[in-house]
Amino acid sequence: MVAFAIFIFLLLDSVKVFNIKRQHCTYDKEKLCKPLLQLLLSTIYFTIYFLHGDVTSVLPRFLLKKIATYTNARTTLEARKCIKKWVFRSDAVMGFFLATNGLLVLYITINLVKLYYGDHCEGLLLFEAIIDYGLGGSSMAFLGE
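If you count the sequence shown from 1, position 61 lands on 1228 in the numbering used here, and the numbers rise without skipping.
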């Protein structure tokens, strides 16, 4: 997870961060772009969003594997009577928990990004934060298993 975060940090906004020349902003042609320190801070924030997506993906999967283990034990005991009821309940708990947790954390992340950037929150900054969050979650889902 740390290796992915370092990789994302180095690649994310590397063209903008390591370029010292000031350029005109895309949203207002009269102003110059943010200084180097602000770009570096935004890159750090986006790396944090990536790690936030990692943690959001890893922790629920750990809890769900615990739930699956306990459910398998219960299913084995109840298999003598009727197996359909217990299997359906365990799968429903796992599916609803994972989807609800992902949407809740995504909603909180969007509101925190809007709160941090305030009125200056460009659509691009918000989309980059959400993309990094999703990339972190999907990379752990893909490679964490």
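All C-beta atoms, glycine included, are put in the ideal place defined by N, C-alpha and C.
Notebook entry, point to check: If we ignore side chains and look at the alpha-carbon of each, how far apart do residue 1280 and residue 1210 end up?
Noted result: 14 Å
Notebook entry, point to check: Does DSSP put residue 1295 in a helix, a strand or coil?
Noted result: helix
Item checked: Spatially closest choice to residue 1264 from 1240, 1277 and 1234, by CA coordinates -> 1234
Margin query: Here's the rule I'm using: 16 or more other beta-carbon atoms within 10 Å means buried, otherwise exposed. How should residue 1224 be labelled?
Written below: buried
Checklist line | DSSP-derived helix/strand/coil call for residue 1248 | finding: coil
Item checked: Presumed contact (8 Å Cβ cut-off) between residue 1214 and residue 1172, rounded CB distance -> 6 Å
Next item on the list: Starting from the Cα of residue 1304, find the closest Cα among 1218, 1230 and 1239 and give me that residue.
Entry: 1218
Check: Which value, in whole angstroms, describes the spacing of the CA atoms of residue 1229 and residue 1197?
Finding: 51 Å
Notebook entry, point to check: Where residue 1226 and residue 1283 are concerned, what is the direct C-alpha to C-alpha distance, given to the nearest angstrom?
Noted result: 25 Å
Next item on the list: Let me know if residue 1220 comes out buried or exposed under the rule of 16 or more other beta-carbons within 10 Å of its beta-carbon.
Entry: buried
Checklist line | Residue from 1208, 1278, 1272 and 1291 whose Cα sits closest to the Cα of residue 1301 | finding: 1272
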